[in-house]
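Let me begin by presenting the structure, written as structure tokens, before commenting on it.
This is the structure we're talking about:
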């Protein structure tokens, strides 16, 4: 196997082996007979054999399917867990980006489980350590690649222990190939494959890191005692109220014991005494009154009270070191000593709070507090043992300071500090505090929440060094001209010196300093409107920005200097074009060295510049660059300089100028113009459909082609390149299970591409469209090609085939009867795509337009796709299915003569142009058509056109809209149902009508006979002499008028109505007519009829009615 990566494996599935044959050296998957399947891994390809039955000779066919699945999924093998807490472990599966990759199984080796751990599955199975030295694998349920949850519980033996633990796991994965066959890696034993017990498992060690958890503790306050060692007890202590009362100068001890809590949820040994938890050395103490000192402690200092005085914060810190490891059930004892050393005190009743913290490792820190009350009654305080630890006396005064924008000032610049020469106290502990800081930030101090503090010890020099280590910096970009309140820096500062015997504070309230403006550097930005690519114009904008100086920026002299450079490439060697937007690029100006300088000593480099004047700071300059057509690689540079300055306004300060610059470089990137047309794939039926780019060429002649691929080709097609059948690569299957292939071509030109083609194999006369194809071509500049692709439908255009043969023979019968047309034709293309077109014309006697055509099964033409048309003596019947060509029938009038026949095939496919066989290749013949005249004509329900002879013919034309023309004889004509047109011609004709027919009786005495239930529309009648109501039931002429009689009769205007007693013509409309009482105006004839004559002006009508008919209306 070539290509791919190491994650792919390869195997073959063998199927379709005939019964009696077998495969050895492969694993039998299952099935019976020809449905049996074997799996062969690539390592066994040389060991597989076909087992042939004895005495067999001949060929055998079977199917090999190559699969290259990937098996690169992995399971998570690590997690973390809090000490003493349960945790659902993460066994998440990663498919490595392959959606078909699946987790199949997961197992845990209980022999490897830590003795202090139990694992509980979602199914309720508890796993603990089994015999060490004997693997015990327990399977964990896996559903859809998700393992059931496994919870790790800490057992009592591992409480308070943050030691990590591990256990062994194994798992198996599977992948699916393109045809959805699932593949699980298996281990081969000999030449056979066993069951799933030999599955190749991935083994791993699952690691869990235990996170330390700080347990709670209790802080106890012991008995407070006098420990100054002077032999006298200078205090009293009430343990109930935790109150210590001081009577004289002393040092008293405060014992604190921190005890690990017994955690009830951790069983009988719930205290964490393994030494992992430790006590912080630093104890925070609050509420300490002035004059009370903590031995070894540090006071955070007094703060300004806002009124020129100072107040104590009462905050101290002290380190403890006696017992910091929590490992004793009775707790860890540490002591803190307080010294009462002043000669006298005001009354004190203060609650002092001590905070002790502890932690387990580096995790959460917990704090315990204890408090006691300190009481001193000034009247009863002896003050007999004053200490000599006095506070340092100093002289401090405030010095006015001005800040420079964005620059720090150290605190020693604000305070003038010296030793008090009149005091002998030259050294002590001290603290510096800052409060109410506005307009700036402080560094070198600790933020205590409501104030900043820095503590130290030493003389004035040490204090000055501490002041020098503290910096105050104005807020960024703020100065006296700022548009907000932060135009100055204000703060309060207090220096505290202290000892156990005395305490001094030096507060300074509301120190305020102006901030002098400084010109900040303006940023010049050159930006483009997009990526610079071939054949694209880009707009570049030169702009200035300086948010630091807000709106106080000045563009010195209103001038910007810029340079435009264009280095041509080897792809054409032409330059592009720069154009100014809204202005014309000026002529270049030469700037000499140091001609334009700023206040920092920098200058614009000597060179030729476009110099644009009359600008303000907020203006921008825009230029466009258009690369040379169809060329890439040009490198452009735009460099801009400007001299800017912050406007000092009325501040009284001065600001310096500053040169700002920026350079932009860009290289014209190539763009694949490619081929502008959408290619086609087309060809003729049964041929090769070739790619065509319709005569297109590259718009960028420097571009070329480096290979192509055609995808989406089904197995049933051959693919050609330069006239040779190609071999493809399987990429999948379609919904019908047919393999889909990809083909790769080493094409380097459009001409090469147009030799790519496909051909349908295994089927003759194939035409139609093939969808789902994609042609992808690597197009572009040499070495920079990009893919251009098109979804294409291949068209196999229909090609009409000649008939195999045709022999037309004589056709005979009676007129107006269906007779077979004996075509005797054999069609080559019988896939259903072709239909036939037949033309009939009289060789001597022309045909007229009254012929009808149908199939022998009774299907009339036109019907469906079949059509029949007449033009200039030629009948053309088209759309005939290949298997109906010999079933054509004709219905026509009497005829005797030769008929010329021309047959063409028409091949069609959906969405494609139909192809009609050429005149050169059509089939021709002549047959004699003899249709004898008949005195009895009976047709079907089609729309017939019938012309009778003069012999006196009986016509029954059936249903349909028929046209019947009679001869000179006495004809009997019935059009039956339908709106027929009858011209009876000469003779005494009888026309049977349903009342819907248009009838002209012609010459002679013509009779109308009604069908059952018929109602006459007299407007449809002409040249009628007799209406006979006798036949077909009883009839009523209720709508007859004398005007109707005038219209339906010939020039004699004589109408006779015959019938019997059941017939009725009693309501005849005579309006406007006058009955003639003379002659036959109202005469009863001797033949049982009566005649009535009416006149109206020059018109007259004579109506004779059978006496049996009810004619009372006359």
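Numbering (the working numbering), first residue to last: 6 to 1119. For every residue, glycine included, the Cβ atom is placed at its ideal position computed from N, Cα and C.
{"Item": "So residue 838 and residue 928 are supposed to be a Cβ contact under 8 Å. How far apart are they, rounded?", "Value": "About 18 Å; that fails the 8 Å criterion."}
{"Item": "Just to confirm the assignment, what range does the beta strand (DSSP E) spanning residue 723 have?", "Value": "722-726"}
{"Item": "What are the start and end residues of the beta strand (DSSP E) that includes residue 509?", "Value": "508-521"}
{"Item": "Residue 34 and residue 28: beta carbons closer than 7 Å?", "Value": "no"}
{"Item": "For residue 370 and residue 458, what's the separation of their Cα atoms in angstroms?", "Value": "24 Å"}
{"Item": "Return helix, strand or coil for residue 586, following the three-state DSSP convention.", "Value": "coil"}
{"Item": "According to the neighbour-count rule (16 or more other Cβ atoms, all chains shown, within 10 Å of its Cβ), is residue 142 buried or exposed?", "Value": "exposed"}
{"Item": "Which runs of the beta strand (DSSP E) at least 3 residues long sit entirely within the stretch 1018-1049? Give them in chain order.", "Value": "1031-1033"}
{"Item": "Give me the residue from 306, 526, 323, 321 with the minimum Cα distance to residue 315.", "Value": "306"}
{"Item": "Can you tell me whether residue 758 is helix, strand or coil according to DSSP?", "Value": "helix"}
{"Item": "Given a threshold of 16 other Cβ atoms within 10 Å of its Cβ, counted over all protein chains shown, does residue 694 qualify as buried or as exposed?", "Value": "buried"}
{"Item": "Once DSSP output is grouped into helix, strand and coil, what is the label at residue 295?", "Value": "coil"}
{"Item": "Skipping 5 residues on each side, what residues in its chain have a beta carbon closer than 7 Å to that of residue 479?", "Value": "408, 410, 411, 444, 445, 494, 520"}
{"Item": "Using CA coordinates, which residue listed in 546, 578, 554, 234 is at the minimum distance from residue 569?", "Value": "546"}
{"Item": "Where residue 877 and residue 752 are concerned, what is the direct C-alpha to C-alpha distance, given to the nearest angstrom?", "Value": "56 Å"}
{"Item": "Enumerate in chain order the residues of its own chain whose CB-to-CB distance from residue 466 is below 7 Å, with the five nearest sequence positions on each side excluded.", "Value": "none"}
{"Item": "Cα separation between residue 160 and residue 247?", "Value": "41 Å"}
{"Item": "Tell me, please, which residues DSSP counts as bridged to residue 765.", "Value": "722"}
{"Item": "Would you kindly report the start and end of the unbroken beta strand (DSSP E) that includes residue 216?", "Value": "207-216"}
{"Item": "Let me know the beta strand (DSSP E) ranges lying completely inside the stretch 858-901, each 3 residues or longer, listed in chain order.", "Value": "872-876, 879-886, 893-896"}
{"Item": "Could you tell me the distance, in whole angstroms, from the CA atom of residue 867 to the CA atom of residue 916?", "Value": "23 Å"}
{"Item": "Are the stretch 597-612 and the stretch 534-541 touching by the rule of at least three beta carbon pairs closer than 8 Å?", "Value": "no"}
{"Item": "Could you tell me whether the stretch 761-781 touches the stretch 895-904, where touching means 3 or more Cβ pairs closer than 8 Å?", "Value": "no"}
{"Item": "Just to confirm before moving on: does the CB-CB distance between residue 83 and residue 122 stay below 7 Å?", "Value": "no"}
{"Item": "Just to confirm, is the Cβ distance from residue 312 to residue 486 under 7 Å?", "Value": "no"}
{"Item": "Under the assumption that residue 5 contacts residue 574 (Cβ atoms under 8 Å), give the Cβ distance between them as a whole number of angstroms.", "Value": "Absent from the structure is residue 5, since the part of the chain shown begins at 6 and ends at 1119."}
{"Item": "Return the chain-ordered list of same chain residues with a C-beta closer than 6 Å to the C-beta of residue 974, the five sequence neighbours on each side being excluded.", "Value": "955, 956, 957, 992"}
{"Item": "Excluding the 5 residues preceding and the 5 following residue 961 in the sequence, name in chain order all residues of the same chain whose CB lies nearer than 6 Å to its CB.", "Value": "943, 979"}
{"Item": "Please report the straight-line C-alpha distance between residue 1034 and residue 902, rounded to a whole angstrom.", "Value": "44 Å"}
{"Item": "Among all the DSSP beta bridges, which residues are the ones paired with residue 263?", "Value": "224, 337"}
{"Item": "Name, in chain order, the residues that DSSP records as bridge partners for residue 434.", "Value": "462, 503"}
{"Item": "Using DSSP with H/G/I as helix, E/B as strand and the rest coil, what is residue 689?", "Value": "strand"}
{"Item": "What does the Cβ neighbour count give for residue 650, buried or exposed, with the cut at 16 atoms within 10 Å?", "Value": "buried"}
{"Item": "Go to residue 815, then tell me how far its beta strand (DSSP E) extends in each direction, as first and last residue.", "Value": "Careful: residue 815 lies outside any beta strand (DSSP E) and carries neither H nor E."}
{"Item": "From the DSSP secondary-structure annotation, give me the bridge partner or partners of residue 289.", "Value": "322, 360"}
{"Item": "Taking 7 Å as the cut-off, decide whether the C-beta atoms of residue 805 and residue 908 are in contact.", "Value": "no"}
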